[in-house]
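One structure is given here, and the rest of the page talks about it.
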């Protein structure tokens, strides 16, 4: 008990400035105050940093927006410098690129191939040139003939066609020459004059010469002309056409009517070969 009659407070300090292990109460109060001030200062710094970061982000976003708007403005400026036709063309290209049904333009190589595949339009201003028909080639020898014999057969056929003789007359003429001279242009050993002309052999049947063994002494013509295959053929066919009904006769009878041979039936054996030769020179239907 105190002198003033009050009870001692066991929990109250004995003195306002009493020392403890943690220091005086005044020192503790000062430390707490400083700690709260430091906390407030730290909180303020963090808020300032957060505000600064937020401001930086906002500034960056604003800069990006301004840049995009500037690019749009530049594009609009460039578009304003284009003509209306160019703007329409660009708009059409943009619509085509977005369309699902757009048509793909052919490449340059494809266009070149297409131009090469399709012939160019003919130039109607230039007169068309006449193309000469190809000359028919000589047929190869047939029916066992050699080249000389085949050439002589062709000479007989050409001469007969010039005269307008039917095909039957050509076959008779070729068969007759096969029998008379074996389709060679033969001179006569009895008539030396005949050997002065191109010939392919020498015979000894009197003065008979040429493909048809015609005799100048019998009125067939001059020796030099009888040695010409074309002239000799015309002489034979002209005489054949004078025979009545020759086209309906057997080949051997028609030939004998002209040649008056000692062996009249021998001409018939050559009909099939003569027919084959004429068909090779003048195909059917020509």
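Residue numbers (my numbering): 60 to 345. Heads up, the beta-carbon is just placed ideally off N, CA and C, and yes, glycines get one too.
Identity of the residue in the options nearest residue i by Cα
i           : options            : result
residue 259 : 305, 275, 286, 295 : 286
residue 320 : 269, 238, 210, 225 : 238
residue 216 : 265, 291, 281, 251 : 291
residue 218 : 199, 289, 227, 257 : 289
residue 235 : 224, 333, 343      : 333
residue 224 : 263, 325, 301      : 301
residue 257 : 318, 284, 345      : 284
Assigned exposure category for residue i - 16 Cβ within 10 Å defines buried
i           : result
residue 255 : exposed
residue 272 : buried
residue 293 : buried
residue 276 : exposed
residue 206 : exposed
residue 279 : buried
residue 331 : exposed
residue 305 : buried
residue 329 : buried
Proximity below 8 Å, CB of residue i to CB of residue j
i           : j           : result
residue 212 : residue 336 : yes
residue 201 : residue 298 : no
residue 204 : residue 229 : no
residue 314 : residue 231 : yes
residue 249 : residue 265 : yes
residue 209 : residue 296 : no
residue 244 : residue 262 : no
Cβ-based neighbour list, residue i, same chain, cut-off 7 Å, excluding 5 preceding and 5 following
i           : result
residue 327 : 309, 310, 311
residue 323 : 311, 315
residue 325 : 238
residue 343 : none
Proximal residues to residue i (C-beta, below 6 Å), its chain only, five neighbours per side dropped
i           : result
residue 252 : 282
Residues near residue i in its chain [Cβ-Cβ closer than 8 Å; skip 5 each side]
i           : result
residue 220 : 229, 341
Mind listing, in chain order, the continuous alpha helix (DSSP H) runs of no fewer than 4 residues lying wholly within the segment 206-272? 206-222, 226-240
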